[in-house]
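Last residue of the sequence shown: 747 (the working numbering), numbering continuous.
Glycine included, C-beta positions come from ideal geometry on N, C-alpha and C.
Below you'll find the structure, written out as structure tokens, and then a few comments.
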Amino acid sequence: MMFEMNLTIQSYIIVVGPTLTKISFFISLDKTLYKVSSAFEAIDTCFKIFHVLNVAYPVASDHIWLLIQRELYHFTTKNDKNQSYILEIISALQNIS
651 MMFEMNLTIQ SYIIVVGPTL TKISFFISLD KTLYKVSSAF EAIDTCFKIF
701 HVLNVAYPVA SDHIWLLIQR ELYHFTTKND KNQSYILEII SALQNIS
């Protein structure tokens, strides 16, 4: 339906497999699936796609992507939402180290 309306779906990660030890990772971008070798590569690639294409994080997972952005990649943008519970998690993580 989205494609019929000429709308795109933001990239997302797909994990498939019969067991936890036999899984494959993919990035979906528009109508194309890209196979990647690990969960880390899937997260890293998907994150970079958001920023290269300058698109907002999906609403359903924006809090997770914001946490990844701030704690793994160590940067902020003018479009960041200041979600108090994410700021609390970041503060707690910084107090651990």
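Have a look at the options and flag the residue whose alpha-carbon is nearest the alpha-carbon of residue i.
i, options, result
"LEU683", "LEU670, VAL666, ALA710 and THR671", "VAL666"
"SER661", "THR669, ALA742, THR727 and LYS685", "LYS685"
"SER734", "ASN704, TYR723, ASN745 and LEU717", "LEU717"
"ASN729", "TYR723, LEU670, HIS701 and PHE675", "HIS701"
"SER688", "LEU703, ILE699, THR671 and LYS731", "THR671"
Expressed to the nearest angstrom, what Euclidean distance is found between the alpha-carbon atoms of residue i and residue j?
i, j, result
"PHE690", "ILE677", "12 Å"
"ASP680", "ILE659", "6 Å"
"SER711", "ALA742", "20 Å"
"PRO708", "ASP694", "16 Å"
Can you look up residue i in the DSSP assignment and give me helix, strand or coil?
i, result
"GLN733", "coil"
Below 8 Å on the Cβ atoms is my guess for residue i versus residue j; work out the distance and round it to an integer in Å.
i, j, result
"ALA692", "ILE663", "5 Å"
Those runs of the alpha helix (DSSP H) which lie wholly inside the stretch 661–714 and span at least 4 residues: 689–702
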